[in-house]
Structure formats: structure tokens, C-alpha cells
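Heads up: the structure comes next, in C-alpha cells.
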Amino acid sequence: MQLTASHWRNFRSSVDYWSSVLFIKFWWYITAATDYCRRAKVPVIFTQHGYRDLPKESGMLGQWWDDPIVVGTEKWKRISEIAPNREEKIIRKRRYSTFYGTDLDGILKILGVKDVIIVGVMTNLCCETTARDAFVRDYRVFFLVDGTATVSEDYHLTTLKNLVYGVAYLKQCDDIITELSPFSQGRCFL
């Protein structure tokens, strides 16, 4: 799950098509899907993007964005409404992909995960890059259409069209809840 305070603030400050009704639906969907995965014993893994040493760690992202996320700042803090339980992992990342420079792939292999379910923001950056990296590592990717969001409808829809063509199964949060059994082995919620 990719949702830090900075992602959320950047997203909320630039929403043009995500009306308050859509925002409430998005929030409800990812909360419901997270809760259901927990009850179904599907591992839930959170991510948190940030840099301790900007020039050394940020690479091109530090050059691309005017205001990178620095560890310990207000932008870096997690959204309190969706917080990991004590037993849930938080992957600290420094790039769009949650796989790049982290131990996520090893964690998923130890857990026996074959399928990943992706939610969060931004659809077209962190979520998409993680989905692509999961696919090339031979995970089956489920990308939640109503559980991902970005700054514009165009970016969101373009990403979904690209992913469905050759990377991910597009699903609604309700689909995932319906399809998960109480013994859903081999799946992970990112």
C-alpha cells in the first residue's frame, strides 16, 4: 500500500476531478479492502517514500521534483487513518518502485506470495512502477481501479489502459473483497 502524508497532501492539493464524493469513495474502498485483507489473513505491506540524504539517495527523483520527501518531516509522516498493525511490514523506499533497492521481493518469496494487490497514490508513478516491477518478477498483479488515484483523470485512465494491456488485472475493491477466501494463501496487499 503506497500512501504517505506527502503523497496524500500533494494529491489532495491538486485534485481537479476527484470531487469530495469520489475522495470519500476512494478512502472508503482502500480502508475496506485493507480491513478485509487483514481478516482474510492476506499479508498487508505498507510503503513509505523518503530520503535521509537527498543528494546521495534521491537520484533523478531529487532532480525532477522541486520538493522531495525528507525522512522525519511532516510530508514524510504516514496517514494515521490507515496505519500498519504491529505485525505488518513497512517498506522504506527511495524510488517510485517498492521493489527498487528494498527487500520486498525476498519478503514476498518467504511469504509464498504469487499475487500482489496494489492500492495507493499516485496511480501513474509509484503504483504503476511497482506493478510493472512485480510483473517482471513473475507476480500476478491485481491493480485496484478505485483503490488508486492520482492528480488527474487523464493520468489515471491512461495508466489503467497501459497496465491492462500487458501487466495487470484491473479490479474494483469490491471484486477483491468478493474473491478473497478466508484462506487466501499466496496473495499480498501492497
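According to the working numbering, the residues represented by the sequence shown are 22 to 211, in order. Think of the CB as a built atom: it goes at the ideal place given N, C-alpha and C, for glycine as much as any other residue.
query                                                                                                                                                                            : result
Measuring from the CB of D56, is there a heavy atom of the ligand ZN at a distance below 7 Å?                                                                                    : No copy of the ligand ZN appears in this structure; indeed no ligand is present at all.
To the nearest angstrom, how far is the alpha carbon of L184 from that of A104?                                                                                                  : 27 Å
First and last residue of the alpha helix (DSSP H) that includes A170?                                                                                                           : Segment R161 to A170 is the beta strand (DSSP E) holding A170; no alpha helix (DSSP H) there.
Of the choices D124, I198, V142 and V166, whose alpha-carbon is the least far from that of I100?                                                                                 : V142
Which of the three DSSP states, helix, strand or coil, is assigned to V142?                                                                                                      : strand
Taking only three categories from DSSP, how would you classify K98?                                                                                                              : coil
Do L181 and L191 have their C-beta atoms within less than 8 Å of each other?                                                                                                     : yes
Does the stretch 89–100 come into contact with the stretch 121–133, if we say contact requires no fewer than three beta-carbon pairs (one atom in each stretch) closer than 8 Å? : no
Any idea if G168 is buried or exposed, counting beta-carbon neighbours within 10 angstroms, 16 or more meaning buried?                                                           : buried
Which class does Y72 belong to by DSSP, given the choice of helix, strand or coil?                                                                                               : strand
Among D136, V65, R158 and F164, whose alpha-carbon lies nearest the alpha-carbon of E149?                                                                                        : F164
Taking only three categories from DSSP, how would you classify I51?                                                                                                              : helix
Return the CA-CA distance between K98 and V166, expressed in angstroms with no decimal places.                                                                                   : 25 Å
In the DSSP assignment, find the beta strand (DSSP E) that holds L178 and state where it starts and stops.                                                                       : Where L178 is concerned, there is no enclosing beta strand (DSSP E), although the alpha helix (DSSP H) it sits in stretches over E174 to G187.
Mark G207 as exposed unless 16 or more other C-beta atoms lie within 10 angstroms of its C-beta, in which case mark it buried.                                                   : exposed
So F47 packs on A170, CB below 8 Å; how close in whole Å?                                                                                                                        : 5 Å
Roughly how many angstroms lie between the CA atoms of V65 and K96, to the nearest whole one?                                                                                    : 23 Å
With distances taken between CB atoms, is the gap from F120 to R158 smaller than 8 Å?                                                                                            : yes
Can you give me the Cβ contacts of S216 inside the same chain, cut-off strictly under 7 Å, excluding the 5 residues immediately before and after it?                             : Here the chain covers residues 22 to 211 and nothing more, so residue 216 does not appear.
Of the residues Y160, H177 and R115, which one's Cα is nearest the Cα of M81?                                                                                                    : R115
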